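Residue numbers (our numbering), protein chains in the order written: chain A, 761 to 1094; chain B, 761 to 1094. Glycine included, each C-beta is placed from N, C-alpha and C at the ideal position. The structure displayed is predicted, hence computed values, not measured ones. One structure is given below, encoded as structure tokens.
Protein chains: 2
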Amino acid sequence: MKTMDQPEAKELLTINEKLNQIQDLDSLLDHILFESRRFTKADAGSIFLIKNNVLEFSYVQNDTQAKVDPLNNKNIYSYFTVPIDASSLCGYVALTGEALMVDNVYQLSEGVPYSFNPQFDNFSKYRTGSVLTIPLVTRINQIIGVIQIINKKNDQQQTLPFNEDDKCYVSFFANNATIAIERARMTRQLVLRMTKMAELRDPKETWTHANRVGAYAIEIYNRWACKKGIPEEEIKRLKDNLRIAAMLHDVGKVAVSDLILKKTSPLTEKEFTEMKKHTQWGAALFADSLSDTDQLSALIAKTHHEKWDGTGYPENLKATEIPLAGRIVALADV
Amino acid sequence: MKTMDQPEAKELLTINEKLNQIQDLDSLLDHILFESRRFTKADAGSIFLIKNNVLEFSYVQNDTQAKVDPLNNKNIYSYFTVPIDASSLCGYVALTGEALMVDNVYQLSEGVPYSFNPQFDNFSKYRTGSVLTIPLVTRINQIIGVIQIINKKNDQQQTLPFNEDDKCYVSFFANNATIAIERARMTRQLVLRMTKMAELRDPKETWTHANRVGAYAIEIYNRWACKKGIPEEEIKRLKDNLRIAAMLHDVGKVAVSDLILKKTSPLTEKEFTEMKKHTQWGAALFADSLSDTDQLSALIAKTHHEKWDGTGYPENLKATEIPLAGRIVALADV
């Protein structure tokens, strides 16, 4: 084997390392689409993710469009979903799990099992020519979406067909995208499971309620952080964790007796003492982990019933003794 | 940018794709170590994972040793753990998170902050020369282990120092390993959380009990499958899922009233009817997911109280009407 001095291999490794440092899913998929287009010199591209059995436009980049109408670049695409069938190239790739390379979408060969959907071109006045579409396939062979890049350009801005090498590159980046999406989904699954277990005990603790508390919490944090001038990077990082941790604020209730949880009349003092323990039980559930999200989850579970005037529980903390995240979720939990 | 006809970049992409098709964690880490060594022409290598604040030997490959004593190759290493400190190269890399390249471990420069631990060489009679050690760092900057490759060889079997290109290659493979380990840990975390929530309700439902049922279940399945001549690949694939799903067989109990769960006298008929529902509640917890593990978890939760003679619950299934996985966990749940 030769030593590695080929610029392509080196660049690939460098980009891979750079991508691995991006935590935020949206920003990562944006970078992946950008690098896929840069490596293949593609004018445009999108990532579609499967949701409720259709493909949803999730990320889109279009250099030509961006020049014509910088503001509308994203918006014109955001209304479309695509069925998973042979009526579009994306749909066909999502259906079959096979990569597809088409030199000119307006001159498809006779008898090919897929067709080009001109809806987007008609709407956007963009002219699609060559297209490379790669499925996003997980390690357990689930197809979760597709990445599509459009119009390979030479230096004279003429449209060229994509080639096998382009396919290798985009497949590599597609894999990177798949891993990131899977990771985000596993986290979501964990939250969903814990919430569902809590809901089995107390039908008031629904996924919808948890979702709402999560959404309110990041909204409240966002306003606070903007006013305080917290750097955007830090806001972004905390928001992700805060949303998840806020959703799990009440999971400790799983340990409270149903006599107390489901009682409709006022609780006796002894019952209330028992009820208050859900804050500590919740914290205990996350005690085994050192991840940022879990530590924040433990903190919020423990402190979201403290009150500014010190009359809360479990530790009667006062004012700024209460961690910020606990104060935020106390407000968000309505 | 040039078109991609460099063999290294292409080979890297091919290997990356191959690695992505391996599901089993052990087999994947084994392949990653092998490819890291092949790309860098290293005679030996190991992967260490951090567990309870020490580094544990997890995977080891040694061509020279394998020739001398094929049977003992793995065993001589399996007793060692290494502290996370400067007393060894691995320990130092795990401590600092920085990659480390050493040309000759017996001739370290004066004043370097790390040292070489000759314990393994002394024990194994193997002579370590050049060493490249790369940390396994997650996207959220947790160090979870190290990959170490030893003695770069030329075609005449002389030992050479590693170089910067080797570092790029091994870093790339290390990243692949990190992702796989993280994924496995997230799954473990999900099981742990669900078990802990169940334990909060019913102290008999401990992680230890769940672990035992998981271990018994795969042991029983293994014997059955070997007798039936099931292909090894299929056994391996099912075992992983079965262990996890078996561990979660009783999580539906979270929905049973504590008056019933904690009652020490015999249950009334009405109470028992309520208790039986934990099988269906358990199944419902996994109903949202299409993953193989979750589908198996739902099946086991639902059928692990059925009995061969049809006197079980919830559906009074008989004999082979009961899914195999349900029958296995019924036996394993002791």
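{"query": "Helix, strand or coil at Asp915/B [DSSP, three-state]", "result": "coil"}
{"query": "Euclidean distance between Cα positions of Asp863/B and Val891/B", "result": "7 Å"}
{"query": "Cβ-Cβ distance between Ala937/A and Ile903/A below 7 Å", "result": "no"}
{"query": "Exposure label - Glu858/B; buried when at least 16 CB within 10 Å", "result": "exposed"}
{"query": "Proximity of His1009/B and Ala975/B at Cβ, strictly below 7 Å", "result": "no"}
{"query": "Under 9 Å (Cβ pairs) to chain B, residues found in the region 926-937 of chain A", "result": "Asp926, Cys928, Tyr929, Ser931, Phe932 and Asn935"}
{"query": "Extent of the continuous alpha helix (DSSP H) run through Asp803/A", "result": "Taken as a continuous stretch (DSSP letters only), Asp803/A belongs to no alpha helix (DSSP H), being part of the beta strand (DSSP E) at Ala802 to Lys811."}
{"query": "Cutoff 8 Å; reference Leu952/B; Cβ partners in own chain excluding five residues on either side", "result": "Trp967"}
{"query": "Outcome for Asp765/A when other beta-carbon atoms lying within 10 angstroms are tallied against a minimum of 16", "result": "Caution is warranted here: a pLDDT of 43 is assigned to Asp765/A, below 50, making its placement in the model unreliable, and no coordinate value can be reported."}
{"query": "Ordered list of alpha helix (DSSP H) runs contained in the region 1048-1081 of chain A, each at least 4 residues", "result": "1052-1063"}
{"query": "Proximity test, Cβ basis, 7 Å: Arg997/B and chain A", "result": "no"}
{"query": "Limits of the unbroken alpha helix (DSSP H) element including Ser734/B", "result": "Absent from the structure is residue 734/B, since the part of chain B shown begins at 761 and ends at 1094."}
{"query": "Inter-residue spacing [alpha-carbon to alpha-carbon] between Thr763/A and Gln916/B", "result": "Here the model assigns Thr763/A a pLDDT of 40, short of 50, so the residue's position is not dependable and the matter cannot be decided."}
{"query": "Chain E contact residues for Met954/A, given Cβ-Cβ distances below 8 Å", "result": "No chain E appears in the structure shown, which is made up of the protein chains A and B."}
{"query": "Local conformation of Ser787/A per DSSP, three classes", "result": "helix"}
{"query": "N- and C-terminal bounds of the beta strand (DSSP E) containing Thr841/B", "result": "Thr841 to Pro843"}
{"query": "Closer than 8 Å at the beta carbon, the chain A residues around Met946/B", "result": "Arg943, Met946, Thr947 and Leu950"}
{"query": "Where the alpha helix (DSSP H) through Ser847/A begins and ends", "result": "No alpha helix (DSSP H) contains Ser847/A, which DSSP labels as neither H nor E."}
{"query": "Where Asn776/A meets chain B, residues with beta-carbon distance less than 8 Å", "result": "Phe932 and Asn935"}
{"query": "Unbroken beta strand (DSSP E) run spanning Val814/B, endpoints", "result": "Val814 to Asn822"}
{"query": "CB contact check: Val906/B to chain A, cutoff 7 Å", "result": "no"}
{"query": "Proximity test, Val820/B beta-carbon vs the ligand MG heavy atom, cut-off 6 Å", "result": "Among the ligands in the structure shown, none appear at all, so the ligand MG cannot be discussed."}
{"query": "Cutoff 8 Å; reference His969/B; Cβ partners in own chain excluding five residues on either side", "result": "none"}
{"query": "Spatial distance of Leu1091/B from Ala977/B (CA atoms)", "result": "8 Å"}
{"query": "Pairwise C-alpha distance: Leu1019/A and Glu959/B", "result": "18 Å"}
{"query": "Where the alpha helix (DSSP H) through Val1089/B begins and ends", "result": "Leu1084 to Ala1092"}
{"query": "Cβ-based neighbour list, Met1007/A, same chain, cut-off 8 Å, excluding 5 preceding and 5 following", "result": "Val951, Thr955, Ala970, Asn971, Val973 and Gly974"}
{"query": "Length of the line joining the Cα atoms of Asn812/B and Ala826/A", "result": "52 Å"}
{"query": "Extent of the continuous alpha helix (DSSP H) run through Ile980/A", "result": "Trp967 to Lys988"}
{"query": "Close-in-space but distant-in-sequence residues of the same chain around Tyr886/A (CB under 8 Å, 5 per side omitted)", "result": "Ala804, Asn822, Thr824, Gln825 and Phe880"}
{"query": "Burial state of Val1089/B (16 or more Cβ within 10 Å)", "result": "buried"}
{"query": "First and last residue of the uninterrupted beta strand (DSSP E) at Ile995/B", "result": "Looking at the DSSP string, Ile995/B is not in any beta strand (DSSP E); the run it does join, the alpha helix (DSSP H), is Glu992 to Met1007."}
{"query": "Which listed residue (Thr841/A, Thr1053/A, Cys928/A and Phe794/A) has its alpha carbon closest to that of Leu860/A", "result": "Cys928/A"}
{"query": "Meets three-Cβ-pair contact criterion under 8 Å: the region 906-913 of chain A and the region 868-883 of chain A", "result": "no"}
{"query": "8 Å CB neighbourhood of Asp1052/B in its chain, flanking five on each side removed", "result": "Asn1001"}
{"query": "Spatial distance of Lys1023/A from Asp1048/A (CA atoms)", "result": "32 Å"}
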